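Participant: Just so you know, the working numbering puts 833 at position 35 of the sequence shown, and the rest follows in order with no gaps. A virtual CB, placed ideally from N, CA and C, is assigned to each residue, including glycine. As the structure is a prediction and not an experimental result, all values here were calculated from the model. Attaching a single structure in C-alpha cells format; questions to follow.
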Amino acid sequence: MLTIGVVAIQGAVSEHITALEKSSKDLDCKIVTIKRAGIVPHCDGLIIPGGESTTISRILHFEGIDKEILENKGIPMMGTCAGLIIMSDYKDEHVEGLGLIDMQVKRNAFGRQAESFQAPLTVTVFNSPFDGIFIRAPAITQVGDATDVLARFEKYGVAAQQGNKLALAFHPELGNDLRFHEYFLRLLDLHR
Ligand code: GLN
799 MLTIGVVAIQ GAVSEHITAL EKSSKDLDCK IVTIKRAGIV PHCDGLIIPG GESTTISRIL
859 HFEGIDKEIL ENKGIPMMGT CAGLIIMSDY KDEHVEGLGL IDMQVKRNAF GRQAESFQAP
919 LTVTVFNSPF DGIFIRAPAI TQVGDATDVL ARFEKYGVAA QQGNKLALAF HPELGNDLRF
979 HEYFLRLLDL HR
C-alpha cells in the first residue's frame, strides 16, 4: 500500500485530494494530509499545493515539516504554483525554498493584469495540449543540467522535472484533466 501525503497548511488542498482519489483508482494507496511533523516519514510520495508561498514556507518551518521533507527527499514529489516555489531554492525574507529541484523561479511572474488565466500548454510528456490554470503564478527562469522543462508559456518555463520531482507553475487540480496526477502516480509506482 502506497501512502501519499498532501501538505495541508493552506491553499488548494481538497482539490488535490479529489484529483488523486480519481487518478489512483487502480492503485492500492492511501492519501493523508500533512499539517504537522511526524507524517512525512511515512509517506511514499508528497504533493505541495498552491496557495501563498510565504504562509506555506513559514508554517512548514514552524511545524518542523521542512526538515522532514529534506530528510525524505528521495521520494517522488509534485509542487504546484506556490508549491513550485517551495520546491526551488528561492529565498527572500518571507520564503525559503527547499531546493528539491535545480531551477530559478520568479514569483508572480505573469503580472497583475494577468493574475488569473487559462492557456493550452504543449507538454513534452503528453501527446495533446494541457489546459494550464494560472493564478498569480510563478515562472521558471532557468534550470540546471539535471532538470527538464516540460512546458513553456511565453518566455518562461512553467513545468519542470528533475528525476522523481515535478514542479508546475499552474493548478492541474482545478481542472478535469488528470494527466499530471496520473504522471506523478507513475513516478511513485516506478519508485516503489
Ligand atoms: N502568488 C503566490 C506566491 O507567490 C502563488 C499563487 C498560487 O499558488 N496560486 O506564493
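Tell me where the alpha helix (DSSP H) around residue 950 begins and ends.
Facilitator: Boundaries around residue 950 are those of the beta strand (DSSP E), 946-951, since no alpha helix (DSSP H) includes it.
Participant: Quick one: does residue 846 have its CB under 8 Å from some CB of chain C?
Facilitator: This model lacks chain C altogether, as it is built from one protein chain only.
Participant: I'd like to confirm something about residue 970: is its beta-carbon nearer than 7 Å to some heavy atom of ligand 1, or not?
Facilitator: no
Participant: Quick check on the DSSP output: what are the complete alpha helix (DSSP H) runs of length 4 or more inside the region 841-872, in order along the chain?
Facilitator: Listed in chain order, the complete alpha helix (DSSP H) runs (minimum 4 residues) inside the region 841-872 are 851-861, 863-869.
Participant: For the region 895-902 and the region 920-928, state whether three or more C-beta atom pairs, one from each stretch, are separated by less than 8 Å.
Facilitator: no
Participant: Judging by CA-CA distance, which residue of 966, 864, 835, 860 is the nearest neighbour of residue 954?
Facilitator: 966
Participant: Applying the 10 Å Cβ sphere with the 16-neighbour rule, what's the burial state of residue 812?
Facilitator: exposed
Participant: Counting Cβ pairs, one atom from each stretch, are 3 or more of them under 8 Å apart for the region 840-854 and the region 874-891?
Facilitator: yes
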